[in-house]
Structures are given as structure tokens and as C-alpha cells.
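Chemist:
Shown next, in the form of C-alpha cells:
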């Protein structure tokens, strides 16, 4: 009997002190793992096909480094941290401000990509079917841009519902996961940028 | 002590009447359907994609409302009539094995034959084999050099081309090669015997004396043409088996007679560390 | 707590529910048990469909110059058979077993993301439908083509627009891509569930081996499936937008497709076999009345496989002419992966050694697994030797090898699991006698089908030929193979009958028919929606053993 009571007390302690990782955290980490695997294959395809195009235009002739867009995208990683920081303190006004800056930076990046593609298509006559460079360039950069677009959709969604008066401070956890995804999208760009604009354009 | 007194064990009852569970929703299904249609439009018709897109939008809207602002829940009533049957307590306890206890060998084998016994046994077995083989040569081919020359074929591949007449002649070089080869192989096999004999299942004598030579013969049979072309051409399998058995029985007997020694792993730590003090090695103390 | 008001309580369940209510209950469910059952049932349906396809293939090859089906139909048959078995049978079985059992085994009420879980199931199912719709709509509105006919690994450049007209290949790529999304969703779910929803006391070291294997399996899905998705996106870009990934005329590389496909494809076979590993690790101890031998080593082995298997893919490609360094590396790594796998075989055998074996159907299937998977492992090591592979690449020897792994290994393991957990999931006992009949028919039929294929392969019979001329020494082996397929047909019919009949008319099974040790046996059969009235607290890796032996519990020794 005494043993049974001891076990009961022990079980209560175990229940109280039991801690497991947050399910959202685990989920978003492994989502990023699987997305990374997807990007890895497109990056590999790009690397394998560097210099394999049989006809022009070649990367070194047509690519210009999108410095401004890169700076914008990477700094949006900082501004979203600022926004999160404000949300943590329940300051909705500054949160909206930083969030809007993040959105603008992201939008500029997408705008710059669109301009770049327009120039490549209409001026340099490089399409996805022109040569291997076109194929791998548009698919890799396009994959990244589509991820930016998905992230941007969610950023806009958060911004809109927050403007419409939805109590966004109740969704801190989800906002945090969205910002993690945004960081992932930003840091994948570092790799894409290195591979496309530095390695292949030399 | 009955099971119900354990707190928090599986099957335990609770004071609550309801359990909170995620509420059912069909929006994930609609969303999946929309995504499939969206892509199916690629292989059918653009309007299919359009319908898919509309369904996706509607499903996202529906799904959104099941999780924002809070995940929807429902409370499911606990059905007392569907409680699991009480778990029967068994009073029989189970013997647990702990490493190193009496009769439980954590290391196999505990005792081995010394390698010297293996070498000696191999030499004895090799001698018995040689005597029988020479007897065979004398009876069947009228020359004790015949089997010796054949054996040398392991080392001297040229023996494969020798005629039967040449095989009956004495040749000092060939004899030397055969002798060295035979002694080396005998000692090697003897040592292997000494190492594996403690690991045989029951009836070590049967295994070492008869079964292993038979296995060895079986293994040699398909390979002999590669190992020793000379022997492969002229061999007499019944005599080969008899010679192998002679090796197994004589060599095995000598090895089995030797005193076993304990393997290093099964010795006490002091022994393994090489420490000696009175009482540390009971078996060495004068009686 | 009494003050809680339960606003969302469903109305009391009336006994005569209409069809619509039943349908709603299953369609709208987010319950992991219902979803798990739906996964397993749809996998079994696809298994029967793809099995019938294989049956037609065997009929066609039974005699030389067969005329059962034409060459085009034959190509579609083996493509759809392979694709279905891998993506619509193997993958949902992984998800189904994990869904049903992981929350029960770790003492949770549901999966971590129940709605995502439902989404995963439905998108898998719709993906399967999309693939099969190709039989009807394959010609689309544009032109020629029906079901995919490019083989389950769809080698480039056969899949390029120039060689595969119409939409059949698009159906293949889209159907798999869509159902792959479901696998990813379910894999993320399993990992998050196993890490986050363990009941108090269920540390990682106490987690049942089943859950461990499923976690590593999900990890493999997460890192290995995206390469396939990526390759399929590239293929679609090639076919729809005229990209040049696998277009050799523009410098594209067909070998790159093979690399990408097998970067997915080899981990995939481990993904498929892992549920069998998981099931064996639960069934063998219970039916041998001994704890699993070398638990930590088993976990280590499965984690090792989870990493090594990512670096062996090119052993499928020895025949494409890689550098000798690549050949050496991939031959070496392929043999390396045999070490942890061998360790697992040894540990299962050691668990049975000295045990008080109860030779009921689940254990019988486990024994069959051990023998047949061992054969598959040995022929696998043979094929890992590059020069040997050059001789037998794409021959029936290879067919025999991978059917021994997937049919003799995975399917036997799954049968063991189905018989073992059927009483838990349905609450009724299956018919043991019919189960034993099915076992022996299956073993005889399976070995009669695939053992002769080793020989036919060594005699030079290539895979995927739709017929063959007499006089090459292949007649006997093909005839035996086809006869074996008929025996297997009867065996699978026995299984289906057993499951359906027992579900309707079986004896009540009781909560714990096998005297098990893991948490799923601590609740009712079938478990209530909430699994456990109160979430359990565990202290050892065999919580139910502790409850049954309060005077001598496991946790005193751990």
C-alpha cells in the first residue's frame, strides 16, 4: 500500500515536470528540412549544367548582380525580427510598421526579379527553352521566387487581418513560425545568389 | 494491491466526464480535392484548373476558420461502459539475467586449448595423414613418392603437367617443397582446431574427428582443380577422405588431451592487469 | 473542473445513423485511427489492383509467344504495377501504420497536426485517383496516349515529349507528385507527434522501437521524397515549357534523371521496408515472450540505415558507365548498409532464441520475413558488386531480388502487422485457421513465383520483355513462376475473406488478446476516440508489463 502511494506521488511529479518540445517548432523545422532537400536538387542541377549550354546567351554575358534586391531581401530578415520583437511586447503599432517594411522589402525583391526576367526575355532573348542555362536559371530562381511569393502571401495575410482589427497578439506562435519560414527563404537566397551570380557568372 | 490504486497508469479512470479533441472538419479533404483538380487541369482542360483554384480558395477560407483565432475543439463524452477491462496482475515473477552470473557466459568461449597443443596436434595429425598417404602410394602406385609429388602441386603448379611415371620418381626439390608445405598447413590447421574446438556444440570429438574433415573434403572437392591441378587429375577421393579422417582423429585427440586455459576476457581484473599478491591467483597457490 | 461548460458536445449518437452521417463521420474525421484505417484499407485496395496487374503479367509470360495482352498493354501493366505498389501501396502503408499506432504507443490522444493529417490522406487518395484516371482520360483533349508506359522509374529521355506523346507521362508525374505531398505531410506529422506528444515518462529511450523506426522512416521521407518531386517538376517543365533538363540535343543529361530519381529511389526502398522492421520489432518480442534483444543496438542500427542509405543510390546505375571511383564508392557504401541490416536480423533471431514461441500467424509471417529478407539481402550484396551487376543488371535476377525484399520482406511484415493489430483496430479476432492457410499458401506461392526468376535471370532473361521465343531455357522457370502467382492469388483471396468475414462475424477479441506490453493494448479494442481516459504515465519501455507485474516491474531494472 505504501508503495502504491509512493508511486502515485511519483506519477504526479512526473506529470508536472514533464516537458516535450512544441509541436509547431518541430513541424516547422522539419518542413524547412524537406524544403532544403528540394532546393538542393535544383541547385545541384544548376551546378551540373554550368558551362554545358550548347548555344548562347551565357551567364557571364547577360547576368547582372541584383545587389539592391539582395540587400532588401536580407534586411527583411532583420525587420521581421524587429516586428516580432514588438509583437512580443504587445505593441501593435510598431509591429505593423516593421511588418509593413518587411513586406515592402520583399515586394521590391519580387519586382526586381520581374524586371530582371523581363530584360532577359525581351532584350537577351533567353527563355527557359533557349539553352541549359535558361532552363536551370529560370527553374532555380523561379523556385525561390515562388517561395518568396508564398511567404509574401502569408505576410500580407497577417498584415491585412491585423489592419482589420484582428487581435494579432493572440497568434504570436504562428507569427513566429511564419518569420522562421521567411528567414529560411532569405537564407536560401544567399545560396542561390552565390551559385547563380558568383559561381556561374564568372 | 489492485490495479485501480495506481495513479496515472494506462487505463486509469479520471474524474472528468469529457475529453477535449480536435473537431472534425472536411475542409482538408476539399482542399486536397482542389489541389488535385488544379493540377489535373494540366492533363485535361484549363477549366478544370480554374474550378480547382476556386475550390482551393473556398477550402482555405474554411480551413482558416477552423484554426483562427483558436483551433476548434469538441468535447467527447467518456463512455464508462467502454472502459478497458481491469488488467490482471500476475504474481509470477521473472528471472532476470545479469551479465557474469553463474552459468551465464558473457564471453564465448570461457576456456580454450593452448595454441601449443594445437601446433603439436597438427604435427601429429599431419604425420598420421602422411603415413596413410604414403601407404596409399605404396599399395596403389607402388611408390611412396607418388602422393608426396602430388601434394607439392599446391606450391609448384608445374606438377600439373607431370606424367604418372614422373610422379613416381623421387625428386629432392619437390620433396622439400611438399614437406615444408605439409608441415606448415598441418600446424596452421592444428591451431585453428585448438581455437574452434571449445566452441563446437556437444560431442566435440565427433565434430573434430569426423564431421570437420568431411566438411573440408566437401569444400576441397569443387576447388581442387584450382588449388592443385596435379592432385585434381590423379586424386583418389576415398583415400583422401581416409587421410583427412586420420588427421582429424589423431590431431583432435592430441588437442583434446591438453589442459584448457581460461580466455583472457573471462579472467578477473587483477589478473588481466598483471597484478600479483597473495591470494590473487588461487589456482597457482601451493596446496 | 466541474464548472467547465462543454459547448461543442455532439448530440448523443443515435443507433440508426443514416448513410450520410456515416459518410460525414469518415470524410470529416481528423481522428488518427480512422485516418490510419482508411490509409491501410485504400493501400490494400491498390494492392489488390496492382496484384491483379501482376497476375496478368504472369499469365502473359506463362508460355513462350504468349498472346494474353499486346506489347503496349504490357508496358502499361508493368508501369502501373510498379508505380502503384511503390507509391500507392507502400507509402500509404507507412503512413497508415504510423498514424494508427504512433499516438497509441506513446500515449497521445491524436497526431500533432490532425487536420494536416486528414489533408495528407485525402491528397494521397486523390493523387492515386488521378494516376488511375489516365486509363480513361489519358488521351485528354489533345491526342494519343493512355496509362503511363515508361516504367516506374520513367528513365529520360524516354519521357521527353518527343518519345512519349500525349499525356500518359504527365499523369505519372502529376499523380505521384500529388500523392507525394501527402507523404510529406504525414511524415512531418509523425515526427512532430513522436517528439512532442509523448505522455509523461515516455523518454526517447523508453519509446517503443516501432515509434523509433517510424520516426527515422519519416526523416527519410522528408529528405528523399523532395528529390523526386524536384525531378518531376523538371520533367514537367521539359514537357510543358520546353525546358532542356533531360533533352540531350541541347546538352541535357539523361543520366542526371537517373541520379535524381535514385537519390530518391534507393532511400525509398528503405522507407518501404521500415514499417516491416517496425512491426517485427513489436511482434517478435510479444510472441517470443522475451524483451527485444539489444534494444539500443536496434535503435542505433535503424538510425545508421537512415543515414547510410542516403549515400548508396548509384548502385542502381552501375550499367550507365560511371567512373570506376564512383562504382567503387557506391559498391562499398551499399555493402556498408548491409551491416546494420544484418545486425537487425541477428537481434530478431536472438530475441526468438530461447523464447517461449507462440507460433501464431503474426509470428509465422515474421519468421518468413527473416528467411526471405535474408535471401534478398544476400542477393543484394551480390548485386552491390559492380562487375556482377554488369552481368545481371535489368535481368529477372534483379526482379527476383527486389521482390524478395518488397514482397518477401515488406508484404510479409505488413501481413504480420495486420494480423497482430487487427483485433485491436476492429475489436474482433481473425480466423486463426484461415490465417495459417493463407500463410502457407503465401509462402509456397511466393517462393514458387520468385525463386525460379533468379535462375531465369541468370539464364539471361531481361526484365520488361512482353514475350520470349521458345528454346532459351526460360520456359520451365516462367511456367513455375506463373503457377506460383496463381497460388498467391488464392492466398490473397484468403486474406481478404478473412479480414472481411472476421470484421463482420468474428469473435470479440478482448482488450489484450496477445498479452502485449505496449500502451495500445492498455485501452479497449477498438480504442475510443480519445484513446485513453487519462493520459498514462510510464516508467519503462514496457509500461503494460509493469502494470501486469507490479511486484516485479521493468523500471526497477532500467
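Residue numbers (our numbering), protein chains in the order written: chain A, 1 to 202; chain B, 203 to 489; chain C, 490 to 1047.
For every residue, glycine included, the Cβ atom is placed at its ideal position computed from N, Cα and C.
Does the Cβ of residue 921(C) have 16 or more other Cβ atoms within 10 Å, making it buried, or fewer, making it exposed?
Modeler: exposed
Chemist: Nearest by alpha-carbon distance to residue 569(C): which of 599(C), 618(C), 646(C) and 605(C) is it?
Modeler: 618(C)
Chemist: Give, in chain order, every unbroken run of the alpha helix (DSSP H) that is at least 4 residues long and sits entirely within the region 640-699 of chain C.
Modeler: Listed in chain order, they are 657-685.
Chemist: Confirm, please, whether the CB-CB distance from residue 567(C) to residue 238(B) is below 8 Å.
Modeler: The criterion of a C-beta distance shorter than 8 Å is not satisfied by residue 238(B) and residue 567(C).
Chemist: Would you decide whether residue 1048(C) is buried or exposed? Buried here means 16 or more other CB atoms lie within 10 Å of its CB.
Modeler: What is shown of chain C runs 490 to 1047, which leaves residue 1048(C) out entirely.
Chemist: Rounded to the nearest angstrom, what separates residue 250(B) and residue 547(C) at their Cα positions?
Modeler: Approximately 38 Å, taken between the alpha carbons.
Chemist: Please list, in chain order, all residues of the same chain as residue 778(C) whose beta carbon is under 6 Å from its beta carbon, the five residues on each side excluded.
Modeler: 844 and 845
Chemist: What does residue 170(A) reach in chain B if we use C-beta pairs closer than 7 Å?
Modeler: The answer, in chain order, is 271.
Chemist: Quick one: complete alpha helix (DSSP H) runs, 4+ long, within the region 295-367 of chain B?
Modeler: 317-338 and 347-353
Chemist: List, in order along the chain, the chain C residues whose C-beta lies closer than 9 Å to that of residue 27(A)?
Modeler: Those are 601, 602, 605, 677, 678, 680, 681 and 685, listed as they occur along chain C.
Chemist: Give a yes or no on contact between the region 782-798 of chain C and the region 694-713 of chain C, applying the rule of three or more CB pairs nearer than 8 Å.
Modeler: yes
Chemist: At what residue ranges does the region 992-1031 of chain C contain a whole run of the alpha helix (DSSP H), taking only runs of 4 or more?
Modeler: none
Chemist: If you run the structure through DSSP and keep just helix, strand and coil, what is residue 122(A)?
Modeler: The answer is helix: DSSP assigns residue 122(A) an H, G or I state.
Chemist: Assuming residue 1027(C) and residue 695(C) are in contact, meaning their beta carbons sit under 8 Å apart, how far apart are those beta carbons, in whole angstroms?
Modeler: 6 Å
Chemist: Let's test the definition: count the other Cβ atoms within 10 Å of the Cβ of residue 163(A) and tell me whether it reaches 16, buried, or not, exposed.
Modeler: Classification of residue 163(A): exposed, given that the 10 Å Cβ count is below 16.
Chemist: Using 8 Å as the cut-off, can you tell me whether the region 84-91 of chain A makes contact with the region 39-54 of chain A, which would need three or more C-beta pairs spanning the two stretches below that distance?
Modeler: no
Chemist: In whole angstroms, give me the CA-to-CA distance for residue 853(C) and residue 926(C).
Modeler: 11 Å
Chemist: With which residues is residue 890(C) paired in a DSSP beta bridge?
Modeler: Residue 890(C) is not bridged to any residue.
Chemist: Listed from N- to C-terminal order along the chain, which residues in the region 723-740 of chain C have their beta-carbon within a distance smaller than 9 Å of any beta-carbon of chain A?
Modeler: 723, 726, 727, 730, 731, 732, 733, 734, 736, 738, 739 and 740
Chemist: When you compare the region 949-967 of chain C with the region 554-564 of chain C, are there three or more beta-carbon pairs, one atom per stretch, that lie closer than 8 Å?
Modeler: yes
Chemist: Looking at the unbroken beta strand (DSSP E) that takes in residue 223(B), where does it start and where does it end?
Modeler: 220-224
Chemist: Shortest alpha-carbon distance to residue 533(C) belongs to which of 989(C), 1044(C) and 1022(C)?
Modeler: 989(C)
Chemist: Could you tell me the distance, in whole angstroms, from the CA atom of residue 1015(C) to the CA atom of residue 912(C)?
Modeler: Near 8 Å, if we compare the C-alpha coordinates of residue 912(C) and residue 1015(C).
Chemist: Which runs of the beta strand (DSSP E) spanning at least 3 residues fall entirely within the region 717-793 of chain C, listed in chain order?
Modeler: none
Chemist: Report yes if the C-beta of residue 801(C) is less than 7 Å from at least one heavy atom of the ligand FMN; otherwise report no.
Modeler: Here there are no bound small molecules, and the ligand FMN is not part of this structure.
Chemist: Go to residue 276(B), then tell me how far its beta strand (DSSP E) extends in each direction, as first and last residue.
Modeler: 275-279
Chemist: Cα separation between residue 629(C) and residue 814(C)?
Modeler: Any reading at residue 629(C) is ruled out, since the residue's pLDDT is 47, under 50, leaving its predicted position unreliable.
Chemist: By the 7 Å beta-carbon criterion, what residues does the region 34-48 of chain A contribute toward chain C?
Modeler: 34, 37, 38, 41, 42, 45 and 48
Chemist: Can you give the Cα-Cα distance for residue 324(B) and residue 439(B), rounded to whole angstroms?
Modeler: 22 Å
Chemist: Which of the three DSSP states is assigned to residue 174(A) in this structure?
Modeler: helix
Chemist: At a cut of 8 Å, does the region 990-1002 of chain C reach the region 652-662 of chain C through at least three beta carbon pairs?
Modeler: No, the region 990-1002 of chain C is not in contact with the region 652-662 of chain C.
Chemist: At the level of alpha carbons, what is the spacing between residue 632(C) and residue 653(C)?
Modeler: Confidence in residue 632(C) is poor, its pLDDT being 47 and thus under 50, which makes the residue's placement unreliable; the coordinate value appears in the next sentence. Rounded to the nearest angstrom, the two C-alpha atoms are 12 Å apart.
Chemist: For the 8 Å Cβ check, are there 3 or more pairs between the region 755-766 of chain C and the region 732-743 of chain C?
Modeler: no
Chemist: Enumerate, from N- to C-terminal direction, the unbroken alpha helix (DSSP H) stretches of 4 or more residues contained entirely within the region 387-453 of chain B.
Modeler: 414-429 and 431-436
Chemist: So for residue 501(C), helix, strand or coil by DSSP?
Modeler: Caution is warranted here: a pLDDT of 49 is assigned to residue 501(C), below 50, making its placement in the model unreliable, and the coordinate value is therefore given only provisionally. Coil.
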